[in-house]
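Only one structure is covered here, and it is reproduced in the block below.
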Amino acid sequence: MAYYRQLGEIPPKRHTQHRSPDGGLYYEELMGEEGFSSDSSLLYHREVPSAIVDATPWEVPDPATTSNRPLKPRHLKLHELFAGEEWKAQDAVTGRRLVLGNGDVRISYVAAGRTSPLYRNALGDECVYVESGSGTVETVFGPLPVRQGDYAILPRATTHRWVPSDDGEPLRLYCIEGNSHIAPPRRYLSRYGQLLENAPFCERDLHGPAALPERVDETDVEVFVKHRDSGPGGVTGTRYVYPAHPFDLVGWDGCLYPYTFNVSDFEPITGRVHQPPPVHQVFEGNGFVICNFVPRKVDYHPLSIPVPYYHSNVDSDEVMFYCGGDYEARKGSGIGQGSISLHPGGHAHGPQPGAYERSIGVHFFDELAVMVDTFKPLELGEGGRASEDPRYAWTWSGRGPAE
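This is the structure:
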């Protein structure tokens, strides 16, 4: 995110001496994208940031996927993955269950009640949507409070951990992990990176750390790292042990850092007739885009049909996560809060029977959903297979293959 921030103590000029009150040197770390050719930040550490004393394998949550075969639309009930009070024993990193994935993006879900281990994703950026609950993402840049409706954008290799609030409620997270960087769409940005006047949000809506991380005097500190591998899903993990806690900054500055954006700050773009899905876009990565459908005034042409027209995803798979309100187009399908619909490329889809007619004359939709469109086919992860409603594909016709 090309939007300069500074916290703590930094020297007047980069790559020059920065000394502590007793005369010792602080250790400068450049965290940058695309081989020193894109956004970056400089972090100033008390300890050497590359010092490790141990490295052992970490078995990441099951990364294997299976093809969507036979090709059909699918309904996944994510709330069934953490039934009862199972969430109390889970954390937001090791408790994730892979729902859908391909070579560009992986979508996982978790309901967490415990503090996660320190973690960083070396595969790509993470965009984590807070379905419900609250807590804090403690990062090397500083803490980020999170609440329902927040997107937390965590740049690749940011050391952090998730701390749920101690309020007796699960922290439910919809985790979108890229194999690339995740940023606002380029069409919303000036050539220098400022959000334009026609963008549905602006820099005032983005909230980075407001304070440095609290220093922790610990030794032999574990950090779980997810990274590339030739195994299932191209993903594996390593457990590092650091001689000192990595939250040891005295200052940082730059344009690369974690931040939050709440979906309630998204200003929907509407029109006289039904607007295409790109008007709902909020972020993009390599091979996928992220959109959100928020409560809004709908089409106001006198002959408009407010629900979506039937459409074929010629170039993409469409994933919709239903996380609030009342989604008019899916009534009668069994979809509810915490559901995912997967509509794959090659399959024409649209409103459920009756929704087309019912929407005529409606002026407002009270709905909330997060959509991911991918440009390579998505496969089913362990969590997707475990939560599927097998009846969904037949809900447009009213009968299945055995009837």
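FYI, in my numbering the residues of the sequence shown are 13 to 415. Where a beta carbon is used, it is the ideal one built from N, C-alpha and C, also for glycine. This structure is a prediction, so every number in the text was calculated from the model and none was measured.
Where the beta strand (DSSP E) containing alanine 67 begins and where it ends:
66 to 70
Buried or exposed by the 16-neighbour rule on C-beta atoms within 10 Å, applied to glycine 412:
exposed
Would the beta-carbon of cysteine 335 fall within 9 Å of that of glycine 358?
no
Looking at tyrosine 271: is its Cβ nearer than 9 Å to the Cβ of leucine 156?
yes
Within-9 Å CB hit, proline 389 to chain D:
Any reference to chain D falls outside this structure, which holds one protein chain only.
Under 8 Å Cβ to Cβ from serine 276, same chain only, skipping five residues before and after it: list those, please.
Gly161, Val306
Through-space distance from proline 318 to serine 409, alpha-carbon basis
22 Å
Member of Arg58, Gln206, Glu279, Asp51 whose CA lies at the smallest distance from the CA of aspartate 34
Arg58
Would you mind giving the Cβ-Cβ distance between valine 149 and threonine 171, rounded to the nearest angstrom? I have them listed as a contact below 8 Å.
About 11 Å separates the two Cβ atoms, so there is no contact after all.
Let me know the secondary structure DSSP gives leucine 201 once reduced to three states.
strand
Could you spell out where the beta strand (DSSP E) holding alanine 398 opens and where it closes?
Element bounds for alanine 398: not the beta strand (DSSP E) but the alpha helix (DSSP H), 394 to 398.
So glutamate 108 packs on valine 235, CB below 8 Å; how close in whole Å?
It should be noted that the sequence gives arginine, not glutamate, for residue 108. Not quite, the Cβ-Cβ distance comes to about 17 Å (not below 8 Å), so this is no contact.
For valine 175, tell me which candidate among Gly190, His219, Leu207, Ala124 has the shortest Cα-Cα distance.
Ala124
Where does the unbroken beta strand (DSSP E) through arginine 17 begin, and where does it stop?
17 to 20
Check whether the region 257 to 274 and the region 47 to 61 are in contact - that is, three or more C-beta pairs closer than 8 Å.
yes
Give the secondary structure of glutamate 150 by DSSP, where H, G and I count as helix, E and B as strand, and everything else as coil.
strand
Over what stretch of residues does the beta strand (DSSP E) that includes alanine 367 continue unbroken?
Counting along the chain, alanine 367 falls outside any beta strand (DSSP E), though it belongs to the alpha helix (DSSP H) covering 367 to 370.
Can you have a look at proline 365 and say buried or exposed, based on whether 16 or more other CB atoms are within 10 angstroms of its CB?
exposed
Helix, strand or coil: how does DSSP classify leucine 315 here?
coil
Distance, alanine 223 Cα to leucine 337 Cα:
Note that residue 337 is glycine in the sequence shown here, rather than leucine. For glycine 337 and alanine 223, the distance between alpha carbons rounds to 34 Å.
Taking only three categories from DSSP, how would you classify glutamate 181?
coil
Between the CA atoms of histidine 91 and phenylalanine 273 - distance to the nearest angstrom
24 Å
Using 8 Å for Cβ pairs, my map puts tyrosine 339 next to isoleucine 352. What's the rounded Cβ distance?
About 12 Å separates the two Cβ atoms, so there is no contact after all.
Leaving aside the five residues before and after glycine 297 along the sequence, list all residues of the same chain whose C-beta is less than 6 Å from its C-beta, in chain order.
Gly190, Ser192, Ile194
Quick one: Cα of arginine 279 to Cα of valine 65, how far?
Inspection of the sequence shows that residue 279 is occupied by glutamate rather than by arginine. Distance between the alpha carbons of glutamate 279 and valine 65 is about 48 Å.
According to DSSP, residues forming a beta bridge with glutamate 59
Paired residues: none, contrary to the question.
Would you list the residues sitting across from aspartate 401 in a DSSP beta bridge?
His87
First and last residue of the beta strand (DSSP E) that includes phenylalanine 94?
Where phenylalanine 94 is concerned, there is no enclosing beta strand (DSSP E), given that its DSSP letter is neither H nor E.
Taking glutamate 21 as the reference, give the member of Ser146, Gly266, Ser128, Pro85 with the closest Cα.
Gly266
How big is the Cα-Cα spacing for histidine 323 and serine 53?
43 Å
So for aspartate 217, helix, strand or coil by DSSP?
helix
What distance in whole Å lies between the Cβ atoms of alanine 134 and lysine 238, which are believed to be in contact at a cut-off of 8 Å?
6 Å
When the distance is taken between beta carbons, is glycine 154 closer than 9 Å to proline 432?
Because residue 432 is not part of the residues shown, which for the chain are 13 to 415, the question remains open.
With a cut-off of 8 Å on the beta carbons, I'd call valine 253 and cysteine 187 a contact; round off their distance for me.
Wrong, their Cβ atoms sit about 25 Å apart, outside the cutoff.
Leaving aside the five residues before and after aspartate 233 along the sequence, list all residues of the same chain whose C-beta is less than 6 Å from its C-beta, in chain order.
According to the sequence as given, residue 233 is valine; it is not aspartate. Around valine 233: Tyr254, His257.
Would you report the Cα separation of valine 310 and glycine 373, rounded to the nearest angstrom?
10 Å
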